[in-house]
Amino acid sequence: MISTLNEAQAVSHTLECWHAVPIPRLIAYLSETHIRWIEQEMPSIENLAYRLEPSRTAPAVRFLQRLIRRIQNEMAEHLRKEEAILFPAILKLEQGGSAPMPFGSISNPIAMMEQDHDIERMLWEELRTLTNGYQITAEAGETLKTLYEELAALAHDVSEHAALENRILFPRARRMERLVNPR
Ligand SMILES: [Fe+2]
Ligand SMILES: [Fe+2]
638 MISTLNEAQA
648 VSHTLECWHA
658 VPIPRLIAYL
668 SETHIRWIEQ
678 EMPSIENLAY
688 RLEPSRTAPA
698 VRFLQRLIRR
708 IQNEMAEHLR
718 KEEAILFPAI
728 LKLEQGGSAP
738 MPFGSISNPI
748 AMMEQDHDIE
758 RMLWEELRTL
768 TNGYQITAEA
778 GETLKTLYEE
788 LAALAHDVSE
798 HAALENRILF
808 PRARRMERLV
818 NPR
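Heads up, our numbering is the position in the sequence shown plus 637, with the first residue counted as 1.
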């Protein structure tokens, strides 16, 4: 319980640091992370997962592979929507733009992204359960060991990234819209 509390405090401290960072810099940071996931981390995980063969030490390989692929697909689609729709719209608001956006209020695409984050969190939770918290047995092979290490690192990264969007970027975007279009 204490460690969970400390962890939550550490995360909110990290988030605090982003409150005063200009929106374009925050979005550039988020986008760099998207590119790193898409170009490096997700292909590496996919590659490792599909090198696994079912064995005594890795019995649920096919299920694991399918779940990883499902998470990769969800994430790829989610990141594409943020890059193509939401981030450009937030940057436009930040520049004082008040042109009507095709989706009405910024709150609409934000609500969709928040929903995606909830789905992703559930899928990562399923993966954590399936892999027993990314713990390998002593006799597990090198591929499984590396796969679990990479999955654990990405899971942590994704969760911090979603918190940064949910708790810093999205509220700031909603506030900016109210300033640009007061009702
Ligand atoms: Fe993102
Ligand atoms: Fe996101």
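Even for Gly, the Cβ is constructed at its ideal location relative to N, Cα and C.
Residue i CB to nearest heavy atom of ligand 1 below 8 Å
i	result
T651	no
E786	no
H798	yes
E719	yes
H793	no
E802	yes
Limits of the unbroken alpha helix (DSSP H) element including residue i
i	result
L788	779-801
N905	Residue 905 cannot be examined here, being either before or after the span of the chain that is shown, 638 to 820.
S692	That residue, S692, is in no alpha helix (DSSP H); it is neither H nor E in DSSP.
Outcome for residue i when other beta-carbon atoms lying within 10 angstroms are tallied against a minimum of 16
i	result
I805	buried
A721	exposed
I672	exposed
H656	exposed
I756	exposed
F700	exposed
A775	exposed
M679	buried
C654	exposed
A697	exposed
A790	exposed
Residues near residue i in its chain [Cβ-Cβ closer than 6 Å; skip 5 each side]
i	result
F740	P746
A792	W761
L764	L704
Short CB-CB distance (under 9 Å) between residue i and chain D
i	result
E763	Absent here is chain D; the protein component of the structure consists of one chain.
Same chain, Cβ closer than 8 Å to residue i, five either side skipped, listed in chain order
i	result
R811	I743, S744, I747
N803	E751, H754
V817	L730, G733, G734, S735
L652	A800, L801, R804, I805
Residue i CB to nearest heavy atom of ligand 2 below 8 Å
i	result
E669	no
M607	This structure cannot speak to residue 607, because the chain is shown only from 638 to 820.
L781	no
M750	yes
L716	yes
D755	no
CB-CB length for residue i against residue j, believed under 8 Å
i	j	result
L767	A686	Between A686 and L767 the Cβ distance is about 12 Å, and since that is not below 8 Å, they are no contact.
I727	I660	7 Å
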